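Participant: Got a structure for you, questions after.
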Amino acid sequence: MPENTHVVVIGGGYAGVMAANRLTRRDDVAVTLINPRPDFVERIRLHQLVGGSHDAVVDYRDVLADGVRLVVGTVTRIDAAGRDVALATGGTVGYDYLIYAVGSGSADPGVPGAAEFAYPIATLETAERLRPVIAAAPATAAVTVVGAGPTGIETAAELAEAGRAVTLVCGEVLGPYLHPRGRRSVAGRLAALGARVLEGPDARVTAVTRGTVRLGDGRELPSEVTVWTAGFAVPDLAARSGLSTDAVGRLLTDETLTCVDDARIVAAGDSAAPSDLPLRMSCQAAMPLGARAADTVLSRIAGERPSPLNQVFAGQCISLGRRGGIFQFAHRYDVAVWFHIDGRPGAKLKEFVCRGIVKHLSDEARKPGSYHLHRVPGGPRRRQLLRTGPDRAPAARRNEPA
Ligand SMILES: Cc1cc2nc3c(=O)[nH]c(=O)nc-3n(C[C@H](O)[C@H](O)[C@H](O)COP(=O)(O)OP(=O)(O)OC[C@H]3O[C@@H](n4cnc5c(N)ncnc54)[C@H](O)[C@@H]3O)c2cc1C
C-alpha cells in the first residue's frame, strides 16, 4: 500500500484552515495544522472584541475537519532542503508538502512613543490587551484611533457607538479605498455617532505620549487611550528561513501559489505574494487563496498540472457600529465603484459576511471540496498585470490591508 503524503500547514487563520480542510478530500493525505493558539481567531471581529459587542474566538472543533491534526505551537524555521519545520518548543515536524499561511499582524508604527503608548489591534493578543484598558477608562476619556483604513474606521465607529469620545486621525484621507460617495456616507455615519474625524496632510500622528498624540502641524491632542490601526506587517519566518520574499516579507510564489524556490512549498493568505503583484491583505483574499493552495498541492500529488490563481474582489465591507455599515462595491480588480449599500442594510450585510466566512470554513470541514469562490474568473486585469508588470496597477490599491 502506498504511504500517506504528509502536508503541514503553518498558520490556522482563514487561509490555513481553508487549506487544511480542503486537503482532507484525499484519504491518503495526512494533514497537520500548526498554530500558536488552540482556538481559531476571527480577526475580522477584533474591533468588536475591543468594543465588547462580540468575541472573536471560535473553537477549532467548529471549523476544522476532524481529520486534521492540530499542533499548538509556533514554527521558528523552515528547512526546505531537509523538508521539516522547527518548533519553538523544540523538535521538528517533517513534511512532503508545506503550506505557508502565517498571516499578518500590526506594522511597526515607526513613530516615537507609539510602540510604548499606543495599542495595536491586529492580533488577538493585542486586542485582548486593549479591551480592559478601554473598559477601565472613564466614559469621557479621549480615545484616539490612528489610521482610517477599514480597521480604523470600524474601531472608531464601534467605540463611538459604545459612547466613547473618539477622534479618528486619518493620516490624509478617510477610507482611501472608498469611492467619494461611499466616503461621504462613512463620514456621515461617524459624525452621527459623535466621532471626530481629522483629515488632510497634517492629520498624521508624529509622536505619541502617555496622554497625548502629536500631529504633523505640531498640535497636541489629549488622548487617554491611543489605538494604532495603521497597517499590517507579515512575520519574517520565510525570510529567516532563506526563502525568497517580496519587499514586505511575503513568500514569493508563482500563479499557482508555489514558492519560487521550492515546489514543495505553497503559500496562501496575507503572507503570500503571488507573482509579486499587488494583492490586498484581506480575509476576502485569504479564503480563496487557501482553497487554491490546497488545490495546487492536491494536483501535484495527483500528478496533474495545478491551475493558476483567479483573484477576484467584490469590494470592501465595513461595519460602522452595530446599526450601520457599508458595502463598497468594486471592480473585480479591486478599485471602488460608485455603488454601495449603507445604513442598516449595510450593517446586516456585514454581519452576514462575517457569519458566512465561518460557515464556509465549517462547510469545507464537513464537505471538503465544496468551496468554489476561488474558481470565479478574476477577469483580464491580472493577466494584463502579469504581462505589463505591477507599475501600472492603481497606486492606492497596491498591497494596502483589508
Ligand atoms: C479588526 C480587523 C478587521 C478586519 N476586517 C476585515 C474585513 O472586513 N474584510 C477583510 O477581507 N479583511 C479584514 N481584516 C483582515 C483579515 O483579518 C486578514 O487579512 C486575514 O485574517 C488574513 O488571513 P490569513 O489566514 O492570511 O492570516 P491570519 O488570519 O492572520 O492567520 C494566520 C495564523 O498564523 C499564525 N501564525 C503566525 N506565525 C506563525 C508561526 N510562526 N507558526 C505557526 N503559526 C503562525 C497566526 O497566529 C494566525 O493564527 C480585518 C483585520 C482586522 C485586524
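Going by my numbering, the first residue of the sequence shown is number 97, and it counts up by one from there. Built from N, CA and C at the ideal position, the CB exists for glycine as well. No experiment lies behind these values; they were computed from the predicted model shown.
Exposed or buried, which one is K463 when buried takes at least 16 other CB atoms within 10 Å?
Facilitator: So K463 ends up on the exposed side.
Participant: Within 10 Å of its beta-carbon, does R199 have 16 or more other beta-carbons around it, so buried, or fewer, so exposed?
Facilitator: A small correction: the amino acid at residue 199 is Gly; Arg does not occupy that position in the sequence shown. It is buried - the Cβ of G199 has at least 16 other Cβ atoms within 10 Å.
Participant: Say the cut is 6 Å; is the CB of A111 nearer than that to a heavy atom of ligand 1?
Facilitator: yes
Participant: Using a Cβ-Cβ cut-off of 8 Å (strictly less than) and excluding sequence neighbours within five positions of D391, which residues of its own chain qualify?
Facilitator: R118, P402, S403, H470
Participant: Mind checking which residues open and close the beta strand (DSSP E) that includes Q424?
Facilitator: Residue range 421–426 is occupied by the beta strand (DSSP E) that includes Q424.
Participant: Sorry if obvious, but does the Cβ on C266 come closer than 6 Å to a heavy atom of ligand 1?
Facilitator: With a threshold of 6 Å, the Cβ atom of C266 does not count as near ligand 1, since no heavy atom of the ligand is closer than that.
Participant: When we look at the beta-carbon of G190 and count the other beta-carbons within 10 Å, is it buried (16 or more) or exposed?
Facilitator: Label assigned to G190: exposed.
Participant: Where A389 and M377 are concerned, what is the direct C-alpha to C-alpha distance, given to the nearest angstrom?
Facilitator: 16 Å
Participant: Kindly indicate which three-state DSSP category T236 falls into: helix, strand or coil?
Facilitator: Here T236 sits in coil by DSSP.
Participant: Do you know offhand how far L289's Cα is from I437's?
Facilitator: 18 Å
Participant: Between the alpha carbons of N100 and G312, how many angstroms are there, rounded?
Facilitator: Cα to Cα, the separation comes out at about 59 Å.
Participant: Could you check which residue in I361, A387, Y215, G421 has the C-alpha nearest to that of V239?
Facilitator: Y215
Participant: Report the rounded CA-to-CA distance for L145 versus P374, giving the unit in angstroms.
Facilitator: 30 Å
Participant: Check whether the region 406–421 touches the region 429–448, counting contact only when three or more Cβ pairs, one atom from each stretch, lie closer than 8 Å.
Facilitator: yes
Participant: Within 10 angstroms of its Cβ, does P490 collect 16 or more other Cβ (buried), or is it exposed?
Facilitator: Note that P490 has pLDDT 46, beneath the 50 cutoff, so the model's placement of it is unreliable and the number below is only indicative. Classification of P490: exposed, given that the 10 Å Cβ count is below 16.
Participant: What's the call for Q480, buried or exposed, on a 16-neighbour Cβ count within 10 Å?
Facilitator: exposed
Participant: I believe V164 touches L183 by the beta-carbon criterion, under 8 Å. Please report the beta-carbon distance rounded to the nearest angstrom.
Facilitator: The Cβ separation is near 17 Å, so there is no contact.
Participant: In chain order, what residues of the same chain lie with their CB nearer than 8 Å to the CB of R227, ignoring the 5 residues before and after it?
Facilitator: L145, V146, G148
Participant: So who's on the other strand from W324, going by DSSP bridges?
Facilitator: Note: W324 is bridge-paired with P216, V242 in the DSSP secondary-structure output.
Participant: Under the rule that 16 or more other beta-carbon atoms within 10 Å means buried, what is E254, buried or exposed?
Facilitator: buried
Participant: Run through the region 459–491 for me and flag every whole alpha helix (DSSP H) of 4 or more residues, listed as ranges in chain order.
Facilitator: 476–484
Participant: Per DSSP, N131 is paired with what?
Facilitator: V168
Participant: Is the region 126–134 touching the region 204–213 in the sense that three or more CB pairs, one from each, lie closer than 8 Å?
Facilitator: no
Participant: Can you look up R292 in the DSSP assignment and give me helix, strand or coil?
Facilitator: strand
Participant: I need the boundaries of the beta strand (DSSP E) containing Q412, first residue and last residue.
Facilitator: 411–415
Participant: Is it buried or exposed for V433, if we count other Cβ within 10 angstroms and need 16 for buried?
Facilitator: Result: exposed.
Participant: If you check the beta carbons only, do T251 and H150 fall under 7 Å apart?
Facilitator: no
Participant: Below 7 Å between beta carbons: does that hold for A291 and C266?
Facilitator: It is not a contact, given that the beta carbons lie outside the stated cut-off.
Participant: Can you give me the Cβ contacts of A492 inside the same chain, cut-off strictly under 8 Å, excluding the 5 residues immediately before and after it?
Facilitator: Summary for A492: the model assigns pLDDT 38, below 50, so the residue's position carries little reliability; its value from the coordinates is reported in the next sentence. Only residues of its own chain outside the window of five on either side were considered, and among them P272, Y273 have a CB closer than 8 Å to the CB of A492, listed in chain order.
Participant: From the DSSP output, which residues share a beta bridge with R310?
Facilitator: A303, E316
Participant: Assign G187 to one of three DSSP states: helix, strand, or coil.
Facilitator: coil
Participant: Locate the beta strand (DSSP E) running through T349, then write down its first and last residues.
Facilitator: 347–349
Participant: Does the Cβ-Cβ distance between V301 and V309 come in under 7 Å?
Facilitator: yes
Participant: Along the chain, where does the alpha helix (DSSP H) containing A387 start, and where does it finish?
Facilitator: 379–397
Participant: Pop quiz: L339 and D357 are said to be a contact at Cβ under 8 Å. What is the actual Cβ separation, rounded to whole angstroms?
Facilitator: 5 Å
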